[in-house]
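Number of protein chains: 2
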Amino acid sequence: MDIATLREAHPDHWMRAAAIRTLTLDAVAAANSGHSGMPMGMADVATVLFSKHLKFDAAAPLWADRDRFILSAGHGSMLIYSLLYLTGYEQVTLEQIKNFRQWGARTAGHPENTHLDGVEVTTGPLGQGISNSVGFAIAEEHLRARFGKKLQDHHTYVIAGDGCLMEGVSQEAIALAGRQKLGKLVVFWDHNSITIDGAVDISDRTDQPMRFKAAGWHVQEIDGHDPVAIDEAIEAAKKSSKPSMIACKTHIAIGSPAQDTSKGHGAITAADAIASTKDAYGWTSPAFEIPADIKSWWEEVGAKGRKERVEWEARLEEQSAQRQAEFARTFAGEAPKKLSSVIRALKKQVSEGQPKVATRKSSEMVLEVVNPVLPETIGGSADLTGSNNTLTADLGTFDIENRKGRYVYYGIREHGMAAAMNGMALHGGVRPYGGTFFCFTDYARPAMRLSALMEQPVVYVMTHDSIGLGEDGPTHQPVEHLAICRATPNTLTFRPCDTVETAEAWEIALTQSGTPSVMALSRQNLPTLRTEHKTKNLVSMGAYVLAEAEGKRQAILIATGSEVEIAMKARDILQADGIGTRVVSMPSMELFAEQDDAYRRRILPPGPVRVAVEAGVRAGGWDRWLLGERGREAKQAFVGMSGFGASAPASELYEQFGITAENVAAQAKALIG
Amino acid sequence: MDIATLREAHPDHWMRAAAIRTLTLDAVAAANSGHSGMPMGMADVATVLFSKHLKFDAAAPLWADRDRFILSAGHGSMLIYSLLYLTGYEQVTLEQIKNFRQWGARTAGHPENTHLDGVEVTTGPLGQGISNSVGFAIAEEHLRARFGKKLQDHHTYVIAGDGCLMEGVSQEAIALAGRQKLGKLVVFWDHNSITIDGAVDISDRTDQPMRFKAAGWHVQEIDGHDPVAIDEAIEAAKKSSKPSMIACKTHIAIGSPAQDTSKGHGAITAADAIASTKDAYGWTSPAFEIPADIKSWWEEVGAKGRKERVEWEARLEEQSAQRQAEFARTFAGEAPKKLSSVIRALKKQVSEGQPKVATRKSSEMVLEVVNPVLPETIGGSADLTGSNNTLTADLGTFDIENRKGRYVYYGIREHGMAAAMNGMALHGGVRPYGGTFFCFTDYARPAMRLSALMEQPVVYVMTHDSIGLGEDGPTHQPVEHLAICRATPNTLTFRPCDTVETAEAWEIALTQSGTPSVMALSRQNLPTLRTEHKTKNLVSMGAYVLAEAEGKRQAILIATGSEVEIAMKARDILQADGIGTRVVSMPSMELFAEQDDAYRRRILPPGPVRVAVEAGVRAGGWDRWLLGERGREAKQAFVGMSGFGASAPASELYEQFGITAENVAAQAKALIG
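Structure below.
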């Protein structure tokens with residue numbers, strides 16, 4: 001259909017959708033940057049979705065049972081900003097639209113969840129939004145089972161582009177969604193046949209409908225500019241028990257001189273192009289102005305969910321006080337009071353019993369006491385359940401027939417798992433953790449970065465955290481991954497040395513509200529080193545004195561995780577030689593860096609030589625603690641890895657790479673001279 | 001079919017395949033670790049492939065026109081070690097088999113290309129091998145077009161498991177292979193319905209044949225234990241003009257008590273289980289012993305390609321001397337002599353002309369002169385060609401109808417691109433480079449790490465390398481990515497400050513034989529700072545004095561990339577105040593770290609205060625150069641990022657985050673006191 005036909009067929013719809021298109025044109029022109037074509041192409045779908053289907057109330061953007069709308073094709077951010085402005089979200093004023101992409105504006109270049117209610121997810125890195133949506137849908141299914149349909153019963157809608165579908169993570173996501181029959185998930189594919197480099201055809205000829213069908217999806221193909229077809233397709237999608245994909249054939253940058261071209265994907269800023277486009281739309285208002293009748297129609301759309309929201313609130317109030325409080329607590333992401341007591345009890349028990357276990361096993365011991373008192377946890381693993389020790393007895397398997405289950409078998413999909421966990425955390429009401437080998441942080445990286453940027457307290461259970469993994473060799477042995485996690489802003493990296501520290505690390509992770517945590521856990525058994533029970537959470541200081549020097553303090557050994565045992569043994573050697581040696585356990589560099597100077601100085605005073613030991617690369621942050629913080633270049637050494645690992649039994653590797661108590665002691669002695 | 005029927009139907013085949021199975025059992029038992037089930041399940045496919053189809057000569061493992069065999073399911077490493085041992089590869093002695101997974105053995109836990117000829121690719125991280133294979137097939141198609149069928153005409157065979165197919169990168173790979181109609185690529189899917197966590201069904205119900213068909217593949221489904229069916233399927237696959245997927249229904253750990261269970265996926269080590277399995281096979285030889293008739297049959301298999309290889313060598317010798325030399329040079333990965341002269345000429349030209357361009361544009365200027373003299377380069381981009389500046393005029397597009405083309409439109413597939421580039425580099429005869437935004441290093445990470453581990457000189461063209469990207473905001477602004485690249489072993493990270501440094505960095509990258517390079521390039525324009533032409537490649541020193549202090553040297557400013565301009569302006573401010581200030585440009589920390597102490601001391605002498613400036617996090621390696629190398633804690637400062645960026649014009653962001661000449665100068669002054 002050409003524009004004239006479209007306008008004629010549905011004149012009211014046309015002008016309402018044109019409001020999105022013209023706001024996009026105006027905002028992108030004002031910013032002189034951005035992406036015009038996608039919001040223009042998908043305005044019809046968005047108009048029908050928001051006006052006829054999406055359950056929301058612009059006055060209550062955080063209503064727990066709203067439908068979620070995720071713009072996976074985040075570069076088309078003006079689509080969502082236009083919708084939020086038109087429907088009357090308080091935060092999105094016309095001023096914000098005019099300040100699109102400017103410093104301090106809520107209307108960032110790509111939508112950021114931390115900037116705006118109504119933006120459910122930070123998108124832009126392609127493939128993430130559609131993969132987050134699987135987590136949203138899992139959370140909704142689970143919470144519906146937990147709290148009942150009266151409190152939780154909504155859809156998750158996604159707009160995804162060709163970029164999202166080409167990214168591999170989308171395959172992980174759609175396969176998981178298909179396997180789990182997430183019937184309340186609806187994905188619109190903006191099938192505009194254009195990418196930045198030109199026609200999609202130059203890089204892709206995938207039969208996307210067939211691909212989605214192969215993953216178990218309900219698939220429809222429609223004209224993405226036909227409001228009737230869009231409406232009918234959404235109706236059908238809602239009826240299907242499978243996740244739905246609606247392939248919407250659209251014209252990118254419709255009506256502009258750049259229509260159906262890769263130029264239209266980017267910023268249309270030329271005044272004459274904008275003028276001719278508005279002409280084609282029959283749009284006569286000045287820039288940024290929406291005719292009153294159109295604006296008020298949109299505001300009604302923004303208010304139409306009010307009744308339903310009020311009814312929902314009434315239903316919530318009908319629940320028992322306890323249930324209301326529990327619903328509020330879980331959606332607020334607050335840990336229950338019992339958490340600290342079960343952690344404390346476990347710490348006491350293990351500091352007395354002193355088990356010699358791998359910290360991955362320690363983590364399981366923690367989860368065994370935590371999961372029963374935190375019903376909001378949803379665990380899982382990327383097909384390494386028995387290795388990551390992420391499954392506890394009480395969880396049950398989340399499955400089509402058991403939505404109450406709290407354990408997700410993610411399959412061999414580290415990236416999809418991480419993205420789904422982000423979606424769950426963003427949805428609210430659940431607290432996800434998931435496991436894989438620490439080395440496969442690499443696979444999950446794009447989503448892990450977004451956990452940090454989106455301020456979501458996802459917990460990554462990363463086991464087999466060094467050459468201690470042994471025979472599987474360098475492809476599976478992280479050496480630079482502590483450096484990667486520690487260099488990432490707003491991320492807590494924990495490498496506990498025993499069960500007590502593991503419990504403390506979990507306590508911190510589970511009480512975060514805006515920061516993800518990475519648990520780097522050993523494959524190999526480690527002794528309990530925290531043998532004296534202390535109520536205080538010492539890991540919260542980041543580093544502390546695990547063993548004080550006897551006699552004159554000549555050396556400080558600093559270590560993390562599995563190497564704290566080595567440091568303690570090195571201390572024995574040094575003390576036997578009369579060298580007073582302090583051992584500092586440093587389970588979290590980030591938290592130690594946050595302590596005040598006085599505390600840091602108490603732990604790392606000037607004077608003694610310093611030797612750090614960690615089975616990773618020195619670039620993992622060690623220069624600061626060895627050379628800085630009152631350290632001296634001539635009086636410090638690092639014992640760790642300087643390259644990739646190798647395939648052999650773990651004990652052999654530690655010997656071969658010189659990460660031994662003997663070497664640590666020798667280094668300290670050499671520095672003392 | 002049960003084992004008895006299989007044995008009876010093809011008794012000779014059965015025993016030959018059993019040799020693989022029993023070697024696997026014996027080696028895994030000796031190592032007390034490893035994965036028995038996969039080699040046992042796929043032994044029939046491997047036996048038919050190697051004996052009837054694979055073009056190879058065990059005596060010449062590096063023959064340039066051999067068929068490539070890639071074990072994407074790398075945990076089944078004993079499959080390939082058994083095959084190499086049985087067919088008589090010199091490096092794989094029985095001793096090596098007995099030392100499986102031990103220190104110093106070539107037979108590492110997962111196959112490592114650096115350990116063994118015959119192992120084309122290091123595999124283990126799932127999804128990589130199948131994605132590498134696309135690069136192998138592209139290289140073969142291109143080299144066939146370039147050198148003719150007489151010299152290059154071979155297949156690429158892959159064994160992939162469920163894990164490989166679940167990993168998202170496999171979707172990127174199969175879609176790219178389908179788009180490019182890589183007809184000489186054949187993938188065997190080990191369809192054993194088992195993963196570590198249990199039945200595949202618990203995490204995946206994808207219709208894999210339909211999924212591959214949707215990507216444009218030729219698909220067959222067979223019984224993976226039936227040698228006749230296997231043979232016929234390979235014949236049909238070879239005839240198809242599309243890439244082929246053969247779904248091989250197999251029994252993991254066939255014949256063992258752990259058959260068809262996830263236990264069978266891991267190490268079968270119990271003596272009685274091994275004994276009963278061998279019984280079921282009708283295998284009576286002692287551990288590690290292969291009956292002479294079976295071993296000699298396998299050795300004939302290993303020698304059957306000899307004739308073809310000798311004929312190929314004769315064909316090579318028929319070529320002109322120049323062509324032979326060129327073939328040898330490109331497969332040896334040697335840069336042509338002309339490279340240094342075109343780089344030198346460009347350096348001279350730009351140091352005189354002093355263009356003010358973004359370093360991504362500088363990179364294009366380099367490629368414009370390099371690509372014509374390096375016919376082995378194959379460029380590409382993950383759908384950001386115009387932004388990455390990776391396409392030069394002479395390349396032509398690699399496509400179904402133009403295999404001579406040297407530019408690949410990878411689509412929005414950073415990970416698939418990186419993995420394909422690894423495959424190309426491993427294949428030999430081509431030198432791949434590919435572009436995306438530096439922030440999307442995250443997506444390519446698993447493959448980038450493998451470039452380093454596999455010692456492949458892939459070049460990653462990473463543009464938009466900081467907040468200088470501007471309005472697209474923090475999802476697209478790298479801050480920790482320099483840290484990530486620099487922390488990765490065997491990786492050269494370059495951040496050049498102008499066109500001259502960019503040319504020098506490229507020269508280094510293109511002459512590497514065993515190290516990948518990352519080019520971190522600016523979006524924004526930068527002045528030419530190297531205005532005095534020098535023949536010497538200064539980037540090769542890693543860091544050097546760009547501007548010396550006038551008067552008493554009181555401050556050293558250290559910077560990289562786009563911030564060198566800021567350091568130079570700060571120097572102007574400081575010199576105007578009479579503070580002698582040196583500016584050190586540090587385009588490669590890795591190369592600087594490799595210099596001897598005397599050189600490093602010359603560049604970073606003790607005494608002056610030091611201020612580093614880089615629009616990334618300090619964890620990117622700065623502590624060493626500020627606190628270490630004769631630095632002093634009280635006399636150093638870092639100007640850069642401490643968290644994520646934001647969406648706004650680049651100049652505004654630099655102001656807001658304080659990465660300015662004024663701030664750098666102020667910091668230096670404060671330190672001088």
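In order, the protein sequence lines correspond to chains A and B.
The opening residue of the first sequence carries number 1 in full-length UniProt numbering; numbering runs sequentially from there.
The opening residue of the second sequence carries number 1 in full-length UniProt numbering; numbering runs sequentially from there.
Glycine included, each C-beta is placed from N, C-alpha and C at the ideal position.
For residue i, the three-state DSSP class (helix, strand or coil)
i: Glu221/A; result: strand
i: Glu614/A; result: strand
i: Gly198/B; result: strand
i: Arg571/B; result: helix
i: Gly435/B; result: strand
i: Ser562/A; result: coil
i: Phe288/A; result: coil
i: Trp189/A; result: strand
i: Cys497/A; result: coil
i: Phe56/A; result: coil
i: Ile412/B; result: coil
i: Val310/B; result: helix
i: Ala64/B; result: coil
i: Val545/B; result: strand
i: Ala73/B; result: coil
Per-residue contacts from residue i into chain A (C-beta, under 8 Å)
i: Trp189/B; result: Within 8 Å Cβ-Cβ: nothing; Trp189/B doesn't reach chain A, min ~14 Å.
Any chain B beta carbon closer than 7 Å to residue i
i: Met210/A; result: yes
i: Gly429/A; result: no
i: Ala314/A; result: no
i: Pro644/A; result: In the sequence as displayed, the identity of residue 644/A is Phe instead of Pro. It does; some Cβ of chain B falls within 7 Å.
i: His110/A; result: yes
i: Pro375/A; result: no
i: Thr93/A; result: no
i: Leu529/A; result: no
Minimum Cβ-Cβ distance from residue i to chain A less than 7 Å
i: Arg449/B; result: yes
i: Gln180/B; result: no
i: Glu455/B; result: no
i: Val617/B; result: yes
Residue i: contacting residues in chain A (beta-carbon distance under 7 Å)
i: Thr250/B; result: Here the premise fails: no neighbours, minimum Cβ distance about 18 Å.
i: Leu126/B; result: Ile412
Contact with chain D by residue i, beta-carbon distance below 7 Å
i: Leu25/A; result: In the displayed structure, chain D is absent; the protein chains listed are A and B.
Contacts of residue i in chain B (Cβ-Cβ under 8 Å)
i: Ile196/A; result: Asp383, Leu384, Thr385, Gly386, Ser387
i: Ile484/A; result: Glu480, Ala483, Ile484, Ala487
Beta bridge counterpart(s) of residue i as assigned by DSSP
i: Thr463/A; result: Phe437/A, Leu521/A
i: Tyr443/B; result: Bridge partners of Tyr443/B: none, in fact.
i: Leu492/B; result: Ser517/B
i: Leu526/B; result: Val357/B
i: Ala555/B; result: Thr581/B, Val609/B
7 Å Cβ cut-off: residues of chain B touching residue i
i: Asp117/A; result: Result: empty, since nearest Cβ-Cβ is about 18 Å, beyond 7 Å.
Inset, instruction - Any chance you could list the beta strand (DSSP E) runs of at least 3 consecutive residues sitting entirely within the segment 325-404 of chain A, in chain order? - result: 377-381
Inset, instruction - Starting from the N-terminal side, write out each stretch of the beta strand (DSSP E) that is 3 residues or longer and does not extend beyond the segment 572-645 of chain B. - result: 580-585, 609-617, 636-641
Inset, instruction - With a floor of 3 residues, list each beta strand (DSSP E) that falls wholly inside the segment 99-177 of chain B, ordered by position along the chain. - result: 156-160
Inset, instruction - Scan the segment 200-274 of chain B and note each continuous alpha helix (DSSP H) run of 4 residues or more that stays entirely inside, going in chain order. - result: 208-214, 227-239
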